[in-house]
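Data first, discussion second: the structure below is written as structure tokens.
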Amino acid sequence: FLDENTPAHIFNHSIEGEGYRYRQCFHNGAVDYAAYDAAFAQAAVGESPAKLCRLAAGRLLARLLSRRIVPLLSADLALAGDTQETAMLVPVPVHKQRLQERGFNQSLLLAKPLAGSLRLPLAPQALWRTRLDPPQSSLDRKARLAGPKGAFDAHDLVSGRRVVLLDDVMTTGATLREATRILLARG
């Protein structure tokens with residue numbers, strides 16, 4: 108059972124929530140776990156045990172999946188003959204307004220340690236959102252499938268490079284498909 112006294116650092120490096128108190132949990136790109144524990148405890152008050160269990164399970168699964176995915180991606184990149192010069196890791200971006208509200212990009216938080224483990228350059232500037240869309244979680248399936256069309260643009264630095272695209276959540280796959288379409292169009 109999880110309650111407001113559960114230490115947040117057991118949940119990995121991902122942070123759930125929005126606003127000023129979560130932005131204070133970051134110093135020079137690293138998570139300040141003492142500040143995070145305090146912010147999580149405040150945010151957890153009043154949340155249902157079911158929601159807290161989902162948050163904990165998501166963070167635990169992220170850590171376990173990263174342990175599985177690094178060897179698989181490393182092998183795939185090696186088979187393709189990719190190096191730091193020919194491949195890059197690109198997190199799916201959030202719109203600049205949502206980033207300002209939230210204070211972080213969840214995909215970028217997940218991508219940082221993964222890029223280090225894979226020894227790939229991290230290129231968050233390679234892809235950006237061109238418009239602010241409603242959160243996918245607030246949309247039905249039909250709207251989720253249509254929503255991301257035309258929502259991205261990419262930098263020419265992806266041209267000729269293998270891109271490992273990372274998003275924190277996938278439901279319909281529409282966001283990843285649209286981001287991939289734009290990246291492929293850039294070469």
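Numbering-wise, the sequence shown is residues 108 to 294 according to our numbering.
Every residue, glycine too, gets a C-beta built ideally from N, C-alpha and C.
| Item | Value |
| --- | --- |
| Going by DSSP, what residue range makes up the alpha helix (DSSP H) through Ala292? | 281-292 |
| Let me check understanding here. Comparing Cα to Cα, which of Ala194, Val276, Asp260, Asp275 lies closest to Ala292? | Asp260 |
| Here's a check: name, in chain order, each residue in its chain whose Cβ is nearer than 7 Å to the Cβ of Ala286, leaving out the five neighbours to either side. | Val199, Leu234, Phe259, Leu272 |
| Classify Asp247: buried if its beta carbon has 16 or more other beta carbons within 10 angstroms, exposed otherwise. | exposed |
| Which of the three DSSP states, helix, strand or coil, is assigned to Arg238? | coil |
| Is the region 237-246 touching the region 209-216 in the sense that three or more CB pairs, one from each, lie closer than 8 Å? | no |
| Tell me which residue opens and which closes the beta strand (DSSP E) that Arg269 is part of. | 269-273 |
| Residue range of the alpha helix (DSSP H) that Leu264 falls in? | Segment: none, Leu264 is in no alpha helix (DSSP H) and carries neither H nor E. |
| Grouping DSSP H, G and I as helix and E and B as strand, with all else coil, what is Val177? | helix |
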